[in-house]
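Read the structure below first, then the notes.
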Amino acid sequence: MRKWLLALIVAVPVLLVGCGEKKEQTTLKEPEVPQIPEVEILTPKEVAINETIELAAQVEQGGKKVDDAVVKFEVWESGKRDEGQMIDGKLEKDGVYKAETKFDHDGVYYMYAHTTANGVHNMPKQQITAGSPDMTKVLPEDEKANNNSMDHNMMDHGNDKSEGAEHSDHEKSEKNHN
Ligand SMILES: [Cu+2]
13 MRKWLLALIV
23 AVPVLLVGCG
33 EKKEQTTLKE
43 PEVPQIPEVE
53 ILTPKEVAIN
63 ETIELAAQVE
73 QGGKKVDDAV
83 VKFEVWESGK
93 RDEGQMIDGK
103 LEKDGVYKAE
113 TKFDHDGVYY
123 MYAHTTANGV
133 HNMPKQQITA
143 GSPDMTKVLP
153 EDEKANNNSM
163 DHNMMDHGND
173 KSEGAEHSDH
183 EKSEKNHN
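Numbering (the working numbering), first residue to last: 13 to 190.
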């Protein structure tokens, strides 16, 4: 009888400790950080001139289509980003955003799909060839933009402190847009 009682006295604290540990584990939740949006540009890489061209991108985040993202398409001719334009994308459906533009002469163009979803920014870039440009006359694209674009893609603009040059470049374009 005494041995049984002793066993109970030893066992009860062990059970209590076990309970306490379990509780602590459930409270250790990782803070939810929105993932970098995956942006797939749907605009073809080769288009005709003097035709309405659809700029389109599909936005997903954590495997889900995002219908409340902000998508701005920046389009410019190679080497002339200052003369480019920023066009607001409008949600069609299923995370697909669209805008329209037209190329009035043969050339090599670039587009950024500036996308912000739940506060996180991504901006994939695509080259678009309109018509059949004389490649010897195409201006080279700004190298600074090219070199940084890959790294920049992976970054939230808000946290972007390491790439001042490209970032200010982007801010400039955002201002042009407004
Ligand atoms: Cu951007």
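We treat Cβ as the ideally placed atom computed from N, Cα and C, and that holds for glycine.
*Contact between the region 53-65 and the region 103-118: three or more CB pairs below 8 Å?*
yes
*Under the rule that 16 or more other beta-carbon atoms within 10 Å means buried, what is LEU67, buried or exposed?*
Within the sequence shown, residue 67 is the residue found at index 55, counting from 1. Buried.
*Flag this pair as yes or no: are the beta carbons of ALA69 and VAL82 separated by less than 8 Å?*
Within the sequence shown, the letter at position 57 stands for residue 69. Within the sequence shown, the letter at position 70 stands for residue 82. Their beta carbons are not under 8 Å apart, which means ALA69 does not touch VAL82 by this criterion.
*What three-state label does DSSP hand LYS149 in the structure shown?*
As a working mapping, residue 149 is identified with position 137 in the sequence shown. The answer is helix: DSSP assigns LYS149 an H, G or I state.
*Just mark TYR124 as buried or exposed, buried being the case when its beta carbon has 16 or more other beta carbons within 10 Å.*
For the purposes of this step, residue 124 is identified with residue 112 of the sequence shown, where counting begins at 1. It is buried - the Cβ of TYR124 has at least 16 other Cβ atoms within 10 Å.
*Run through DSSP, which three-state label would ASP154 get?*
Indexing the sequence shown from 1 puts residue 154 at position 142. Looking at ASP154 - three-state DSSP - the assignment turns out to be coil, as it is neither helix nor strand.
*Measure the C-alpha to C-alpha separation of TRP88 and GLN47 and round it to an integer number of angstroms.*
Residue 88 sits at position 76 when you count from the first residue of the sequence shown. Residue 47 sits at position 35 when you count from the first residue of the sequence shown. Cα to Cα, TRP88 sits roughly 29 Å from GLN47.
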